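Notes to accompany the following structure.
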Amino acid sequence: MKVTIKDDFDLQKIADSGQCFRFNKEGDGYSVFSLDKHVFVKQVGECEYEFDCTQKEFDDFWYSYFDIDTDYRQIRGRIDPKKDPYLFKASIYGEGIRILRQDPFEMLISFIISQRKNIPAIKASIEKLCRLAGKEIGKDKFSFPRAEDIAALSLEELSGCSLGYRDKYVLRAAEAVAHKDIDLFEWEKCDDKGLMDNLLGLYGVGVKVANCEILFGYHRLDAFPRDVWINRVLENRYQKGFDFERYAPYNGVMQQYLFFYSRNENL
DNA sequence: AGGCAGGTTCTTA
DNA sequence: TAAGAACCTGCC
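Each residue of the first sequence is one higher than the last, beginning at 2 in the working numbering.
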């Protein structure tokens with residue numbers, strides 16, 4: 002089915018923005034996975050996109066996944082080129098990025114895996130995990146495993162996913178969910194601090210991973226994950242401090258622009 | 001061959 | 001409470 006999207010929407014930038022690990026270029030479009038769903042999307046004109054799914058599947062799922070209801074152009078509009086020329090440049094460069102509404106469990110496991118790994122390595126590990134414990138949802142396409150599916154594995158079985166020392170973190174998080182010691186959907190109701198504290202209570206989850214989960218798994222757009230790239234930007238460009246007050250409650254969107262720009266346009 | 005990558009935990013003062 | 005070491009693995 003064909004869809005018209007007028008707001009910021011650049012598939013390549015989203016794919017390369019580091020928020021998703023199962024969103025890959027394939028031929029003339031992008032192959033996108035979320036949990037046990039898959040869609041193939043390609044741009045077919047100015048603001049025109051072809052989704053390889055039914056209208057109902059788009060309305061019920063992908064519309065929300067791509068966060069179509071949020072006006073990213075307006076969020077970019079909050080940036081004053083005089084007050085913050087660097088962020089302004091970054092936002093022009095990153096025009097088209099959106100923060101996807103991804104699944105909390107998939108994001109939790111993905112970002113636990115991400116620690117001290119580069120993006121290709123993260124993707125490779127997640128792909129292996131899906132092949133190992135997910136179910137086949139199409140020709141050579143695998144779902145992200147459910148918590149029970151991961152919890153059923155042993156550390157030995159997980160070792161095939163190149164998780165390294167993170168294997169026990171992944172297993173424990175999956176067990177906590179599978180055994181209902183924690184309920185990630187229930188955590189939706191927590192305030193920001195409560196959510197952060199809950200996440201930090203998980204083995205293998207520190208401040209950086211927790212913030213990624215809050216931003217990408219819970220779609221709280223003010224969360225501001227600090228990785229080495231962002232820290233570099235803050236050190237080099239914001240010695241007098243970044244104006245978090247001004248951009249609240251969208252600091253996480255600004256973080257994405259800074260991250261994407263600094264990684265691609267090496268200072 | 002040694003160092004480092006989208007961090008976190010564990011240990012020590 | 002705070003700094004420093006250790007940690008898997010893959011790639012330069």
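Positions of the beta carbon are idealized from the N, C-alpha and C atoms, including for glycine. From a predicted model like this one, the values you see are computed outputs, not experimental measurements.
- List the endpoints of the continuous beta strand (DSSP E) containing residue 26. 24-27
- Nearest candidate by alpha-carbon position, reference residue 84, set 101, 238, 126, 263: 238
- Message: Quick check on the DSSP output: what are the complete beta strand (DSSP E) runs of length 3 or more inside the segment 80-140, in order along the chain?
- Response: 137-139
- Message: Considering just the uninterrupted stretch of the beta strand (DSSP E) at residue 42, what are its terminal residues?
- Response: 38-46
- Message: Which residue marks the beginning of the beta strand (DSSP E) containing residue 51, and which one marks its end?
- Response: 49-52
- Task: Given a cut-off of 8 Å, decide if residue 80 and residue 14 are closer than it, judged by their beta-carbon atoms.
- Result: no
- Item | Best match in 29, 256, 222 for proximity to residue 71 [C-alpha to C-alpha] | Closest option to residue 71, judged by alpha-carbon separation, among 29, 256, 222: 222.
- Query: What number of angstroms, rounded off, separates the C-alpha of residue 306 from the C-alpha of residue 118?
  - Reply: Residue numbering for the chain in the displayed model covers 2 to 268; residue 306 lies beyond these limits and cannot be assessed.
- Query: For residue 32, does the three-state DSSP call read helix, strand or coil?
  - Reply: Three-state result, residue 32: strand.
- Assign residue 206 to one of three DSSP states: helix, strand, or coil. coil
- Query: Leaving out five residues before and five after residue 213 in sequence, what residues of the same chain have Cβ atoms less than 6 Å from its Cβ?
  - Reply: Cβ neighbours of residue 213 beyond the five flanking positions: 112, 226.
- Task: Put residue 143 into one of helix, strand or coil per three-state DSSP.
- Result: Residue 143 sits in a strand when the DSSP states are folded into three classes.
- Sorted by chain position, which residues of the same chain lie with C-beta nearer than 8 Å to residue 201's C-beta, five sequence neighbours on each side aside? 207, 208, 211
- Item | For residue 194, the three-state DSSP class (helix, strand or coil) | helix
- Item | Separation of residue 128 from residue 147, as counted between CA atoms | Distance between residue 147 and residue 128, taken at the CA atoms: about 14 Å.
- Item | Residues near residue 135 in its chain [Cβ-Cβ closer than 8 Å; skip 5 each side] | 37, 143, 144, 145, 146, 150
- Using 8 Å as the Cβ pair cut-off and three pairs as the minimum, do the segment 257-264 and the segment 90-105 touch? yes
- Message: Considering only heavy atoms of the ligand FMN, does any lie closer than 7 Å to the CB of residue 64?
- Response: With respect to small molecules bound, the structure shown includes none, and the ligand FMN cannot be examined in it.
- Query: Where are the alpha helix (DSSP H) runs, 4 residues long or more, that stay fully inside the segment 201-262, in chain order?
  - Reply: Every alpha helix (DSSP H) of 4 residues or more that sits fully in the segment 201-262 is shown, in chain order, as 208-213, 229-238, 245-248.
- For residue 269, name the three-state secondary structure that DSSP assigns. Any answer about residue 269 is impossible in this case: the structure gives the chain only from 2 up to 268.
- Task: Keeping to the same chain, check which residues put their C-beta closer than 8 Å to that of residue 120; ignore five residues upstream and five downstream.
- Result: 19, 22
- Query: Which residues bound the alpha helix (DSSP H) around residue 150?
  - Reply: Element bounds for residue 150: 148-152.
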